[in-house]
Every structure is written in C-alpha cells, then in structure tokens.
Amino acid sequence: MDSMTFVLFGATGDLAKRKIYPALFNLFLDQKLPKSFSVIGVGRNNCTDAEFQAKVKDSLYTFSRHLLNDVSKKQEFVKLFHYCQLDVTDPEGYHKLLKLTVKHEEEQKIAENRMFYLSVAPQFFDVIALNIKRSGLGTTNGWKRLIIEKPFGHDVSSAQALNEKLSRTFEEEEIFRIDHYLGKPMVQNLEAFVLANPLLKAIWNNQFISNVQITASETVGVENRAEYYDHTGAIRDMVQNHLLQLLMMTAMRIPEKKSSYDIRNGKREVMESIRPLTKEDAQAQIVRGQYLSGEIKGQPVVSYSEETGVQAQSKNDTFIAARVWIDHPYWKGVPFYIRTGKRMQEKITKIVVEFRNSSDLDSVEIENTKPNLLTISIFPNEGVSLQLNSKSLMSGKIEPINVHFSASQRDLPEAYERLLLDALSGDPTFFAHWEEVESSWKWIEPILEAFEEDFVPLHHYTSGSMGPDAAQQLLDEWGHRWW
Ligand code: NAD
C-alpha cells in the first residue's frame, strides 16, 4: 500500500473515538497500514500532540476489538498521531495544516498521498473541501482522496449542491462516501454468495422468488439526537441510504467476472429500475409510523412525542415500511418490502428471500407447506439459514426444517475497519457512488413531499412491538407476511 498522510477533521469527536481510531489500530496490529503512515488530527480546541495521543489511546481501551495486553504496540501506534488546532471555517488555518503535513511528509519520507476524512457535521463538508483546494493541500504530486460520512444532503437539491461543491476539489473517483452497512461482512458477501452458488444463481429471479423482505430494526429511541432526528426521520436517516443500499446489493445482477465497476453498475441499474412513486403512490406503498410509550426488555420507555428535544405535535417518522417494485425483467411482479424503525422489539438487520411454492403440489399440500426461505442475517449474528420442507420420518407429514450457518463472531473485522482498508487501498467497491446517492434521493423525494403535506397517514405503534398494524396490512394485500 502507498505511504500516506491521513488528515482527520473532527479528530476529537465521537465517531473518531468510537470507530475510526479502533479501526485504524486493528489495521495497524494486522499489519495492514502502509509502512510510512502519519495521522494529523484536526480539531477546534487546543490540544498538544501528547494530549491527543492520550485520547486516542483511551479510545482503544474501550472500543477496540483486540485485547490490549501489549502496551508497547499501543504506544507505537499512537506515535503516528499528531494534532493541528484549527477552525475549519477559517481559511488561514489551512496554511498551518499544509505546513504540518509537508513537514511530516518530509521527515518520514511519505509520498504526497493525502487522505482527507471529514468526521464533522455535514454543514462543514463543502467549506473544508474548498479550503483544501485554496490552501494548496489538495495539490499534490501523489494522490488525494476524500472520505465523508452520511448525511449526504437532505433532499435532491441539497445533495446535488453539495456534490457540485465537492467536485470542484475532488473527482468522483477520489470521493469515498461511507455507508457503514456496506462494510458489514454479510452485505459484502451478498454478491459472492449468489454468484458462487449455481443453485442460488439459477433461481435469483421472479420465476422462483415470491418476495424479498429487508428489515433493519432498532430498540433504541431517539436518544440525544432529537434535534437532528426530528427533521430527518427514518426515511432520511435509514431508508434513503442503508435500506436502499441493501436492496441494491440484493437485487443487482452482475456478470461472473466481477469488478468494482460491475458491482456499482449492477447497483445503479437496480436503482434506475425502481418504479418511481407519485405522492398518491406513496399513500399506497409506504407506511409511516411513530412510537408510543411501551416496554423495551422489561423497562418502560416514553413515547416519541415525550422525548426531550422533539417538537410538540411532531409528525416525524420513526418507522417506515415500504413496498418497492423493480421494473426489470428479472424482478417483474416481485415486491421488495423494506422496514426500519426505532423502539422496536429487537435490534436486527436481515434479508429474507421467500421463494414461490412448487406448482407440482396439489392445493391441500400447498396450504400446508411452508415456503422455502433464505435468511441472510447481518446483525446481531452474521449467518445464513435456509428453510426447506421435508417429510417427517415419524408422522410422514411435510414439515419445515432449517439448514443453518452462523459465522463465528470472534475477530471478525468491523465495518469501519473493512471500509477504511478499502479506502486506503483506493478500492471504491463498497462505497456509495454519486449516481446511487442521487437516484435514491430522487426516489425518496415524492415521499418526503407526501409526508410534508400529510398525504400519508401517521400510524402509531407501541414501543417494543414490530411496528404499526398497517405494516402488516401492506403485506396482507399481496398475501404475504413479515418473516
Ligand atoms: P461530534 O460532534 O462528536 O464531533 C465533531 C468534531 O468536529 C469534533 O472533533 C469538533 O471539534 C469538530 N468541529 C466542530 N466544529 C468545528 C470547527 N468549526 N472547526 C474545527 N473542528 C470542528 O460528531 P460525530 O458524532 O463524531 O460525527 C461526525 C460526523 O459523522 C457527522 O457528520 C455525523 O453525522 C457522522 N456520523 C456519526 C456517527 C457516530 O456514530 N457518531 C455515525 C454516522 C455518521
């Protein structure tokens, strides 16, 4: 891997502490970082290198997946870190950052390869990109790359405006948009799983699949994010990015010789084939919900409207279920159901593929036979299970049996670790391309308008349930049920 400087904006923030430092440390221990590697942490407050290194070290105790008996390794790791205090809105500060970067590059013989990670609030994305360009930080003899976190815009026009601003400094190939769901091992496995199994590849279409269900439920409520979440809702926070990414990964068709281009192209094709919605369609295809009080794991919890920071009479969505149609010959007539919500019964992320029942069975047998189900578990356990039908050796009746594989959790690299390694290596496969982001906002936009105009009813659900009854009715209409 090329030597490089990793410039981290937001170095004293929560994401850096919980995800980025532990991920870098794990890569360091696994000897996956380049030989010459230097991190410059940028933050608003004053801090010496030693204080900054102590903060980084602290985060490793709490958040690293590696047991840290070896203190010298930690010490060796944090020596890679340096601090630069600057206000990201102040153009002058960037000259200091450039000087520091060049100094370390010269001292440590690092080529002018610069990775900029923006772990800051989204309103700073464009101003930082602009200042990287103006200050000369972005003018290098090597490469430059940008990693950014969600949210990428608030609707189509803000996402386009942001992209236009970023593209004045960075080319599309230089921008790595993190969607951490794409870093999850079972999600990365999806395309290989279908391609490497002729059995699945042959039946991955509407002839054999009845419907697909993607669930990402949480037990937590709005926590301390009400200010942000009350203007965002599940539709922007989860559906526009994570759930549509899971849908693209499940539905994409890719050639046997797969490359990063093939995967992104396959995903783009899915996104472009998703049937657009009008506001009227949104009424029929989308269920929006908001949690009431209830119990989570035996503990009473308050309703969304009682949460601190939520506006009085807020109609914000904490739950979304949707029926999505993909107008592609492979998927004609197969509904893709997606659902996500807060304060639900369990925290789970999974994809369930329900197969059609055999037409060779007589009608009585069909009624008694459960469908074949392929369940891809993403969280909390990584695994796959397949529900088949088998004749009971005792009763002679057809009964469902489960074939199950569960990946060992121990030492599985985390999403951020995988994604950081990919970005450091310049592999864009599991990052969201601008075309995917833009087309997902375009699909979402009429839903946002329908919500704003109160065109889609708001259903309430009890905390600790699996969402409002209307989410079940959405499937009943097509003779399906949530698995
Ligand atoms: P945070 O508020 O904890 O940290 C923000 C960082 O930005 C701090 O280091 C702060 O010093 C710095 N900062 C703020 N204003 C500054 C200024 N004017 N000049 C210089 N530095 C400034 O935020 P966070 O939770 O770490 O989130 C960072 C980004 O990651 C956000 O875009 C957020 O939406 C996204 N994100 C966070 C998480 C998470 O788990 N925390 C998850 C997904 C996405």
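Remember, my numbering sits 36 above the position in the sequence shown when you count from 1. Virtual Cβ for every residue (Gly too), placed ideally from N, Cα, C. Given the structure is predicted, the values throughout are model-derived calculations rather than measurements.
Residues near residue i in its chain [Cβ-Cβ closer than 7 Å; skip 5 each side]
{"i": "V492", "result": "A318, Q319, I322, R324 and A486"}
{"i": "S1", "result": "Outside the displayed range of the chain (37 to 519) lies residue 1, so it cannot be described from this structure."}
{"i": "K145", "result": "S72"}
{"i": "P449", "result": "N62"}
{"i": "S475", "result": "M307 and E308"}
C-alpha gap between residue i and residue j, whole angstroms
{"i": "G257", "j": "I437", "result": "36 Å"}
{"i": "H278", "j": "R311", "result": "18 Å"}
{"i": "M40", "j": "W179", "result": "9 Å"}
{"i": "E305", "j": "M285", "result": "11 Å"}
{"i": "N417", "j": "L410", "result": "15 Å"}
{"i": "R379", "j": "E342", "result": "14 Å"}
{"i": "N352", "j": "H495", "result": "11 Å"}
{"i": "I245", "j": "S501", "result": "28 Å"}
{"i": "D66", "j": "K109", "result": "11 Å"}
{"i": "K368", "j": "F61", "result": "46 Å"}
{"i": "R181", "j": "A195", "result": "19 Å"}
{"i": "D505", "j": "L511", "result": "10 Å"}
{"i": "H440", "j": "N241", "result": "23 Å"}
Residue i CB to nearest heavy atom of the ligand MG below 7 Å
{"i": "D215", "result": "Ligands displayed in this structure: the ligand NAD; the ligand MG is not among them."}
Pair within 8 Å by beta-carbon distance, residue i and residue j
{"i": "I434", "j": "V275", "result": "no"}
{"i": "T376", "j": "F415", "result": "no"}
{"i": "G77", "j": "F117", "result": "yes"}
{"i": "E148", "j": "E141", "result": "yes"}
{"i": "V360", "j": "F372", "result": "yes"}
{"i": "D273", "j": "Q347", "result": "no"}
{"i": "A521", "j": "A357", "result": "This structure does not reach residue 521, given that the chain is present from 37 up to 519, and the question cannot be answered."}
{"i": "K201", "j": "A157", "result": "no"}
{"i": "E227", "j": "M288", "result": "yes"}
{"i": "R300", "j": "H469", "result": "yes"}
{"i": "I387", "j": "V248", "result": "yes"}
{"i": "F64", "j": "P464", "result": "no"}
{"i": "N408", "j": "L429", "result": "no"}
{"i": "L198", "j": "D162", "result": "yes"}
{"i": "D191", "j": "E481", "result": "yes"}
{"i": "G345", "j": "V337", "result": "no"}
{"i": "E185", "j": "I214", "result": "yes"}
Helix, strand or coil at residue i [DSSP, three-state]
{"i": "M151", "result": "strand"}
{"i": "P504", "result": "coil"}
{"i": "E472", "result": "helix"}
{"i": "Y366", "result": "coil"}
{"i": "I76", "result": "strand"}
{"i": "Q347", "result": "coil"}
{"i": "A357", "result": "strand"}
{"i": "K386", "result": "strand"}
{"i": "A157", "result": "coil"}
{"i": "V192", "result": "helix"}
{"i": "Q111", "result": "helix"}
{"i": "L328", "result": "strand"}
{"i": "A238", "result": "helix"}
Near the ligand NAD: residue i beta-carbon under 7 Å from a heavy atom
{"i": "D50", "result": "yes"}
{"i": "R392", "result": "no"}
{"i": "S155", "result": "yes"}
{"i": "P127", "result": "no"}
{"i": "V306", "result": "no"}
{"i": "E263", "result": "no"}
{"i": "V124", "result": "yes"}
{"i": "E259", "result": "no"}
{"i": "A47", "result": "yes"}
{"i": "P187", "result": "yes"}
{"i": "R517", "result": "no"}
{"i": "R379", "result": "no"}
Beta-carbon proximity list for residue i, same chain, < 8 Å, skipping 5 on both sides
{"i": "Q89", "result": "V114, K115 and F117"}
{"i": "F160", "result": "F45, V124, T125 and L154"}
Beta-carbon contacts of residue i that lie in its chain and below 6 Å, excluding the five residues immediately before and after
{"i": "K406", "result": "P436"}
{"i": "R54", "result": "F99"}
{"i": "D85", "result": "H118 and Y119"}
{"i": "C83", "result": "Y119"}
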